[in-house]
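Going by our numbering, the sequence shown opens with residue 4, and the numbers climb by one from there.
Read through the structure below, which is laid out as structure tokens, and then see the notes.
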Amino acid sequence: GVSVKLRLPHCARKGDLVFRWGGEEFVLLLPRTPLDTALSLAETIRVSVAKVSISGLPRFTVSIGVAHHEGNESIDELFKRVDDALYRAKNDGRNRVLAA
4 GVSVKLRLPH CARKGDLVFR WGGEEFVLLL PRTPLDTALS LAETIRVSVA KVSISGLPRF
64 TVSIGVAHHE GNESIDELFK RVDDALYRAK NDGRNRVLAA
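Put into structure tokens, the structure is as follows:
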């Protein structure tokens, strides 16, 4: 959690919002961002976290779910789709980025 928490604000752009969403989960909201740009940023975060090396600890990994808000869906529906993508990423072997 610490590695991701320290790196997320550095990956965020002006206007993006970063916050913790549960124990080891974080949310990075990217207003007015196309899905392909969000996926690219998520991959940059994944690679950045994978490069962290702390003596005596295993390599860090991060699984990321990404979704683009559909105009007619509620925030709850959006977060459900993101959560589903996150758990697919974890179940597909972890350390990956998947779109909802």
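From the three backbone atoms N, C-alpha and C, an ideal C-beta is built for every residue, glycine too.
By how many angstroms is the C-alpha of residue j removed from the C-alpha of residue i?
| i | j | result |
| --- | --- | --- |
| Arg-99 | Asp-86 | 14 Å |
| Val-52 | Glu-46 | 10 Å |
| Phe-22 | Ala-15 | 11 Å |
| Leu-60 | Glu-80 | 37 Å |
| Arg-84 | Ala-103 | 6 Å |
| Leu-107 | Ser-43 | The first residue shown for the chain is 4 and the last is 103, placing residue 107 beyond what the model contains. |
| Arg-91 | Ser-58 | 30 Å |
Would you mind working out which of the options sits nearest residue i, comparing C-alpha positions?
| i | options | result |
| --- | --- | --- |
| Gly-18 | Glu-28, Pro-34, Glu-27, Phe-29 | Pro-34 |
| Trp-24 | Ser-43, Val-55, Ser-77, Phe-82 | Phe-82 |
| Ala-41 | Gly-74, Val-55, Ala-70 | Ala-70 |
| Leu-32 | Arg-49, Leu-20, Ser-43 | Leu-20 |
| Ile-48 | His-72, Gly-74, Val-30, Pro-37 | Val-30 |
Can you tell me whether DSSP reads residue i as helix, strand or coil?
| i | result |
| --- | --- |
| Ala-102 | strand |
| Val-50 | helix |
| Ile-78 | helix |
| Arg-62 | coil |
| Arg-107 | Nothing about residue 107 can be read from this structure; the chain reaches only from 4 to 103. |
Determine the extent of the beta strand (DSSP E) in which residue i is found, giving its start and end residues.
| i | result |
| --- | --- |
| Val-30 | 29-32 |
Do residue i and the ligand ATP come close, with the Cβ less than 6 Å from some heavy atom?
| i | result |
| --- | --- |
| Glu-28 | This structure lacks the ligand ATP, and indeed carries no ligand of any kind. |
Requested in this report: Evaluate the contact criterion for the stretch 49-66 versus the stretch 87-97: three or more CB pairs, one atom per stretch, below 8 Å.
Outcome: yes
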